[in-house]
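For reference, the structure discussed in these notes is given below.
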């Protein structure tokens, strides 16, 4: 198995304020294309640190991806340092110079002399054009102590790096690997990682088919990455297909998508759109975060018109008509209150489907109810389903789990009521 | 200046799914106590990788903090690998064994033999008790090639690592540094990083006082970290005090707190609580995220009772009474609509203060309004203030900036109306 690693250059990353999203993005890409990721290193804009990181990386990995420090300012020294480490001269690249001049003139900006530093490239490097900025990417092949290495240098800003990676650099990974790697992602909701692992146990443990299955859990969700290697794309796809099919069969409706980039809220919104169902929300402990997540999907205005935050008991009574009796007898954090919220809200601004959340997100007991106790109710055309949940963690984590669980229960109830059709597990 | 770095051990971190929050936390701590952070490395649970990371780190840093891989399972090999790297024997620690046995019995859990692996420690190590788990932390002092090094090993889960760091490990950093470091954080809202930098320019550029001022910007906010070194805490505090005072004077009400851990929403909620003001929200493009952020503050139920999400024009008309004429003439994304939302919502579920947000978060033009155009209106006892904003970025970024800006305008309007009192810049 070929190995890869990342070096992120930038003193600001060492202050702990910025999150190093580039390393995580690249690590996922390595995994997807069948490379083992050996390490991820962050160093400052400092020659000695960059060189020691390069030496350590070259000692253990075939592919080394370096991001950041590629710009025109004096602290941007990545390219110069890599060239010096590899004993390469920097030469002018005319095509890059043309690109940089054009970039400034198209935007009516004044180019300074120093901007042309970005047109200097190590001799022999393959140049990756930057569609979203001025610093080009570079691929340098170099033998070190008799072993072939590939150094890929890219700009630090993710909106420059990620498209450059996808459109130009990634093909280099695919080629090197000799064999073709095909991978597929199965996204699952409403089951724990342990349940999923049990159901597809022998695939995760691996067999001789060369198809690997690897689980990963996030709030309310589990993802299975299925990867196969073959001499051709056709062969690898052929190997993967029956595994994906079998996993989908075993997990049934729990599989909400096999689209790499599709989120749970997108799938839920698509399901509602396909069934021409409008939806409303009434939230207590999540206080708007459920609506906020649904509304992050563009085009949601077709199906989401209005929602309510009933944080106090008075608001639960007055706005959505939870009865005083229910609140007195069972409390606001109860199945009964959640059911009445889900019932009452549909009368307000008519919606076909309603989701209600009431719970104690902490930090203290409330009305004698423990932290983490949450009730969610979904009303589909008058049929109300309610569930009780027990979550752990901080106030923010309990609220995040509540939002994910509400989306999952919403999806489940709509699928139950309107038939499974093709919405649950679209290809 | 002493130097430090982090090594995070865990194969799961190399898959790019988990975010390495430990490294960011520790980097902020290094900065706070006057250490330069040289590097942050992530490696898998693999002896060779851990040892090469240790060697690289020992070659450049005085303090090396290693997290993760401290548990009882076979893939947890950090402690054993560090001991082998440093040539130390592992010996049984009775106090830790007692702690582990107690941990299991108190929780009614069955201890397995392998759990006692955690009671084996490298000879000569200082042991840090784990109040939230079973694996102890370890501090090992070791000379390598004539130079003193400190290795601090801690468990990977943040809820075990962070309290252990704060309560036990951090004192080691303070001691080593010889000089005492005192630092203070000034949190600023409603000004750009450039504006703040202009106002406190000579402090950021540095002078001979030995007090350093370093800015950092996040969505809608700027933070200034002010750090001073002295022979005693008294001396360092004395050096820092006039600088903090002068910065606060120059920035005035823009300084919302000097409390390290206090968030903007906490300060806004405290301001409302102190003035005994209830607040409500009515949101369009932010769709509940503003309410969601306010409600993340524990104890907010005193002042936040109910809120509304009016995503469609019909909802804006029917729920908060925006006039059809306004929507026809100016559109939903307009100052007029935001004002009417802020006015109408206070009549619904009586609140002293109301915040309304209406904007286009993208991805496409809407009603001829560009992506990123957002209007926010605040109603304080019938006095409505409205502002126009132009944000850049993704749909999620525009919504995040809108929420921050709404909190900032809310704070500003309450301070204006109820007098500055002591709420703006509490000590």
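Chains as they are written, first to last, in the working numbering: chain H, 401 to 827; chain R, 401 to 827. Glycine included, C-beta positions come from ideal geometry on N, C-alpha and C. Just so you know, these numbers come straight off a predicted model, no measurement behind them.
Spatial neighbours of residue 713/H in its chain, beta-carbon cut-off 7 Å, leaving aside the 5 residues before and after: Here residue 713/H refers to the residue found at position 313 of the first chain. 727, 732.
Would the region 567-586 of chain H count as touching the region 632-640 of chain H if we require 3 or more Cβ pairs under 8 Å? yes
Please decide whether residue 695/R counts as near chain H, where near means a Cβ-Cβ distance under 7 Å. For the purposes of this step, residue 695/R is taken as the residue at position 295 of the second chain. Answer yes: the Cβ-Cβ gap between residue 695/R and chain H drops below 7 Å somewhere.
Going by alpha carbons, who is nearest to residue 406/R out of 745/H, 748/H, 415/H, 464/H? Locating residue 406/R in the second chain gives position 6, counting from the first residue. Here the closest residue by C-alpha is 415/H.
Tell me, to the nearest whole angstrom, how far the beta carbon of residue 775/H is from that of residue 738/H; I am working on the premise that it is less than 8 Å. Here residue 775/H refers to the residue found at position 375 when the first chain is read from its first residue. Here residue 738/H refers to the residue found at position 338 when the first chain is read from its first residue. The Cβ separation is near 4 Å, so the contact holds.
Where the region 434-458 of chain H meets chain R: residues whose CB sits under 9 Å from a CB there: 436, 437, 438, 439, 440, 441, 442, 443, 444, 446, 448, 449, 452, 453, 455, 456
Between which two residues does the alpha helix (DSSP H) carrying residue 789/H extend? On the first chain, position 389 is the one that residue 789/H refers to. It is not in any alpha helix (DSSP H) - residue 789/H instead sits in the beta strand (DSSP E) that spans 783-790.
Could you give the C-beta distance for residue 544/R and residue 525/R, rounded to a whole number, given that I count them as a contact under 8 Å? Stepping through the second chain from its first residue, residue 544/R is reached at position 144. Stepping through the second chain from its first residue, residue 525/R is reached at position 125. At roughly 16 Å, the Cβ-Cβ gap does not stay under 8 Å, so residue 544/R and residue 525/R are not in contact.
In its own chain, which residues sit with a C-beta less than 6 Å from the C-beta of residue 627/R, not counting the 5 before and 5 after it? As a position in the second chain, residue 627/R is number 227, starting the count at 1. The residues are 583, 612.
At a CB distance below 7 Å, what residues from the region 696-711 of chain H approach chain R? Give them in sequence order. 696, 698, 701, 704, 705, 706, 707, 708, 709, 710, 711
8 Å Cβ cut-off: residues of chain H touching residue 688/R: The count along the second chain starts at 1 and reaches residue 688/R at position 288. In chain order: 681, 683, 687, 688, 689, 690, 691, 692, 695, 707, 709.
Considering only residues of the same chain and omitting the five flanking positions on each side of residue 805/R, which have a CB-CB separation below 7 Å? Walking along the second chain from the start, residue 805/R turns up at place 405. Excluding sequence neighbours, residue 805/R sits near 620, 776, 789.
Any contact between the region 591-602 of chain H and the region 495-512 of chain H? By contact I mean 3 or more CB pairs, one from each, below 8 Å. no
Counterpart residues of residue 385/R in DSSP-defined beta bridges: Because chain R spans 401 through 827 in this model, residue 385/R falls outside it and cannot be assessed.
Distance between beta carbons of residue 589/R and residue 663/R, contact taken as under 8 Å: By 1-based counting over the second chain, the position of residue 663/R is 263. By 1-based counting over the second chain, the position of residue 589/R is 189. Wrong, their Cβ atoms sit about 11 Å apart, outside the cutoff.
Proximal residues, the region 710-728 of chain H versus chain R, C-beta separation under 8 Å: 710, 711, 712, 714, 715, 718, 719
Show which residues of chain H have a CB atom less than 9 Å away from the CB atom of residue 414/R. The sequence position of residue 414/R within the second chain is 14, counting from 1. Neighbours of residue 414/R on chain H, chain order: 405, 427, 430, 431, 436, 437, 438, 439, 440.
Give a yes or no on whether the minimum CB-CB distance between residue 417/H and chain R is below 7 Å. By one-based count along the first chain, residue 417/H stands at place 17. Chain R, which has a Cβ nearer than 7 Å to the Cβ of residue 417/H, makes this yes.
When DSSP labels each residue in this structure, what does residue 659/R get in the three-state scheme? Working through the second chain from its first residue, we reach residue 659/R at position 259. In this structure, residue 659/R counts as coil in the three-state DSSP scheme.
Can the beta-carbon of residue 671/R be found less than 7 Å from the beta-carbon of residue 814/R? Sequence index remark: in the second chain, residue 671/R carries index 271 (1-based). Sequence index remark: in the second chain, residue 814/R carries index 414 (1-based). Cβ atoms of residue 671/R and residue 814/R: closer than 7 Å.
Just checking: is the beta-carbon of residue 659/H within a distance shorter than 7 Å of some beta-carbon in chain R? Within the first chain, numbered from 1, the residue matching residue 659/H stands at position 259. Cβ-Cβ to chain R under 7 Å: no for residue 659/H.
Using beta carbons (cut-off 7 Å, strictly below), is residue 555/R in contact with chain H? Here residue 555/R is taken as the residue at index 155 of the second chain, counted from 1. False, the Cβ-Cβ gap to chain H never drops below 7 Å.
Using the Cα positions of residue 647/R and residue 696/H, report the straight-line distance between them to the nearest angstrom. Counting from 1 along the second chain, the entry for residue 647/R is found at position 247. Counting from 1 along the first chain, the entry for residue 696/H is found at position 296. Cα to Cα, residue 647/R sits roughly 38 Å from residue 696/H.
Please go through the region 447-490 of chain H and give each complete beta strand (DSSP E) segment of 3 or more residues, from N-terminal end onward. 463-467
Assumed close pair residue 811/R, residue 668/R - CB separation to whole angstroms, cut-off 8 Å: Counted from its first residue, the second chain places residue 811/R at position 411. Counted from its first residue, the second chain places residue 668/R at position 268. Residue 811/R to residue 668/R, Cβ: 5 Å. Contact.
Between the region 480-492 of chain R and the region 426-444 of chain R, can you find at least three pairs of beta-carbon atoms closer than 8 Å? no
Any chance you could list the beta strand (DSSP E) runs of at least 3 consecutive residues sitting entirely within the region 541-587 of chain R, in chain order? 547-554
Beta-carbon proximity check, residue 903/R vs residue 408/R, cutoff 7 Å: Examination of residue 903/R is not possible in this model, given that chain R is present from 401 through 827 alone.
I believe residue 531/R touches residue 563/R by the beta-carbon criterion, under 8 Å. Please report the beta-carbon distance rounded to the nearest angstrom. What you label residue 531/R is simply residue 131 of the second chain in a count that begins at 1. What you label residue 563/R is simply residue 163 of the second chain in a count that begins at 1. So it is a contact: roughly 6 Å between Cβ atoms.
Leaving out five residues on either side along the sequence, give the residues of the same chain with a beta carbon under 8 Å from the beta carbon of residue 460/H. In the first chain, residue 460/H corresponds to position 60, counting from 1. If we look at residue 460/H and ignore the five residues flanking it on each side, its Cβ neighbours are 403, 405, 438, 439.
Looking at the C-beta of residue 549/H, does it have a partner C-beta in chain R at a distance below 7 Å? Locating residue 549/H in the first chain gives position 149, counting from the first residue. It does not; no Cβ of chain R falls within 7 Å.
Taking the alpha-carbon positions, what's the residue 600/R to residue 761/H distance? The sequence position of residue 600/R within the second chain is 200, counting from 1. The sequence position of residue 761/H within the first chain is 361, counting from 1. Their Cα atoms are separated by approximately 41 Å.
Can you list the residues of chain R that residue 424/H reaches, using a CB-CB cut of under 7 Å? Looking up residue 424/H in the first chain gives position 24. Per Cβ cutoff of 7 Å: 416, 419.
Which bits of chain H does residue 796/R rub up against, with CB to CB less than 8 Å? The residue labelled residue 796/R in the question sits at position 396 within the second chain. The contacting residues are 696.
As assigned by DSSP and simplified to three states, the class of residue 678/R: The residue labelled residue 678/R in the question sits at position 278 within the second chain. Coil at residue 678/R, not helix or strand.
Note down, in chain order, all residues in the region 742-754 of chain R with a beta-carbon under 7 Å from any beta-carbon belonging to chain H. 749
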